[in-house]
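Below: one structure, written as structure tokens.
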Amino acid sequence: MKFSAFIKVCLALTVLLNISFQVLARDKPNIILIMADDLGYETLGCYGNDDKLTPNLDKLAATGMLFENCYSTPLCTPSRVQLMTGKYNNRNYIGFGLLDPAETTFAQQLQKQGYQTAITGKWQLYGYEKQWELAGGRKGSRPENTGFNAFQVWQVDKVGSRYKDPLLYSDNRTNKTHTGKYGEDVFVEYIENFMEENKEKPFMVYYPMCLTHDPFTPTPFSDDYQNFDPKAKKDDPKYFKDMVKYMDHTVGRLTAKLDKLGLREETIIIFTGDNGTSPKIKSRFRGGTYQGNKGQTTERGTHVPLIVNWPGVIKPGSQNKALVDFTDFFPTLTEIAGNTTAAKTLQLDGISFYPQLLGKPAKEREWVFCDYNPKWGTFKHQTYVHNKDFKLYADGRIYNLQKDLDELQPLSKNSLKPQELKLINNFEKVIAAKMDAKK
């Protein structure tokens, strides 16, 4: 009996030790942050797209957490700067296609926390002559100076194809045309190799995809891909569905590689989009038609997907209705990596949604703020704040988002109920406080 009791104690200790090792392993989980380009939430099956083009992402949502109310800015550079720095654009945005070199990125912070970091995909944050001129002579940032140990990206100091036969800048400091390759395949292969090389260390991969940005061109899933000449300047929205399918395919490749490496349960995958879908695209969505509105401040220009998957940690099939904006990613990533004070130290604007991933009580965002001034093209400077129900612009326009999603019928304060008026008055204070915020 004594020997039997001893065996039971040993078995119990073994189980406890295994649990402890699992906890320790997850103190610094691997992180993969994927951001599709020009992809509104309406394009994914898990959000209600009727064409069901995204089985891999739908599976990640079904086995992880789907956020119903994630909001970007309306355009790529403002969103990328906000996501990478955790600050609203009025504090650090210097111009389109530019990331202020003085800013701290989440990659630099994660390096300090012991992570090997990599980026592959779209860069477009260094700029060129016209953008530097518009920014008063200021230049943007290069990937080698923003916290990435490894990188292979499109558009740093040269512009070429991003899809077939892509021209990419890599960590050997050279540009190379990958003849006979498709851009997203090159990016995924780079990530696969990086994960294999760093499987014994905590790593963070930031993958800002080139898909599904125009030009809308054939993918390897398209019948006419082999004969397509990337110099032909083709741009046909009929290829958008193929591009969405291929975007989803690349996500499936990454999850399969994690499984093969035995890293799936040690890796958190976060997927989002940088802004709404192109207005050239109409999607079959929840029984109707949904047209994208990239570049504009409406729901169609800013409502993006957010899916987070972490086997054994996030409850499968979780639906999260909390508001999220792009300043929230930086503090979330640092907290995932074990640092709960970086957001305060760096004076970030975001609120970590990490506790929500664990199903713990957490502070939720009460509103989304945006100071949108891309300093590019014909886009106008607009500042606004909203929750799920109402939206206020700095110029005084008020919209009921539950009844007027496309913001066609501005309301007067006189038409509001007392509680609604109280909310709008609070929004006015938020705008005033945020616009007064210092860098």
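Numbered per mature numbering (1 follows the signal peptide of the UniProt record, and there is no 0), the sequence shown spans residues -25 to -1, 1 to 414.
We put the CB at the ideal spot given by N, CA and C, even for glycine.
Here DSSP, grouped into helix, strand and coil, assigns N400 to helix.
Taking the Cα positions, F123 is about 13 Å away from R148.
Here G227 has N31 as same chain residues with Cβ atoms under 7 Å from its own Cβ, once five neighbours each way along the sequence are excluded. By the neighbour-count definition (other C-beta atoms within 10 Å, threshold 16), N400 is an exposed residue. Our two residues, D26 and T18, have alpha carbons roughly 9 Å apart in a direct line. Closest in alpha carbon position to Q331, among K296, N314, L321, is K296. For N295, the enclosing beta strand (DSSP E) has its first and last residue at 293 to 300.
Under the Cβ criterion (8 Å, minimum of three pairs), the region 67 to 74 does not count as touching the region 158 to 167. Residue pairing by DSSP leaves A408 without any beta bridge partner.
Fewer than three Cβ pairs drawn from the region 179 to 197 and the region 104 to 119 lie within less than 8 Å of each other, which leaves the two stretches out of contact.
Separation of E395 and A408 (C-alpha to C-alpha, rounded to the nearest whole angstrom) is 20 Å. Secondary structure at F81: helix, using DSSP grouped into helix, strand and coil. Around D211, the same chain offers F191 as residues with beta carbons nearer than 6 Å, after the five sequence neighbours per side are excluded.
Under the three-state reduction of DSSP output, A337 falls in the coil class, being neither helix nor strand.
Setting aside the 5 residues that flank it on each side, Y22 is surrounded in the same chain by Y16, P280, each with a C-beta closer than 7 Å to its C-beta; the list follows chain order.
Cβ atoms of D12 and T187 come within 8 Å of each other, at about 6 Å. When only Cα atoms are considered, E171 and K232 end up about 9 Å apart.
Residues E274 of the same chain have their beta carbon placed closer than 6 Å to that of L380, with the five preceding and five following residues left out of the count. Remark: fewer than three beta-carbon pairs, one from each stretch, lie closer than 8 Å, so the region 113 to 123 and the region 199 to 211 are not flagged as touching. In the DSSP annotation of this structure, the continuous segment of the alpha helix (DSSP H) that includes F215 starts and ends at 215 to 236. Per DSSP, A318 lies in no beta strand (DSSP E); the unbroken alpha helix (DSSP H) holding it starts and ends at 317 to 320.
When only Cα atoms are considered, V128 and G135 end up about 11 Å apart. For T95, the CB contacts under 7 Å within the same chain, skipping 5 residues up- and downstream, are F126, Q127, V128, F162, Y165, I166, Y182 in chain order. When beta bridges are read from the DSSP output, Q266 appears opposite K257. Rounded to whole angstroms, the gap between the alpha carbons of K213 and D234 is 34 Å.
In the three-state reduction of the DSSP assignment, C345 falls in the strand class. Here DSSP, grouped into helix, strand and coil, assigns L32 to helix.
Taking the Cα of E43 as reference, the smallest distance to any Cα among T92, K34, L85, T247 is reached at T247.
Non-local C-beta neighbours of V343 in its own chain, meaning closer than 6 Å and more than five positions away in sequence, comprise Y46, L298, D300, H361, ordered along the chain. Contact between N375 and P177 is absent: CB atoms are separated by about 45 Å, not below the 8 Å threshold.
Distance from the Cα of A412 is smallest, within the candidate group K335, L323, I373, Y329, for L323. Contact annotation: P306 and G61 have beta-carbon atoms nearer than 9 Å. In its chain, beyond the 5 residues on either side, F344, T358, Y359, V360, L367, A369 have a beta carbon closer than 8 Å to the beta carbon of I406.
In the DSSP assignment, G96 forms a beta bridge with V128. For L333, the closest of F365, L50, Q294, N24 by C-alpha to C-alpha distance is Q294. For N168, the enclosing alpha helix (DSSP H) stretches over residues 158 to 172.
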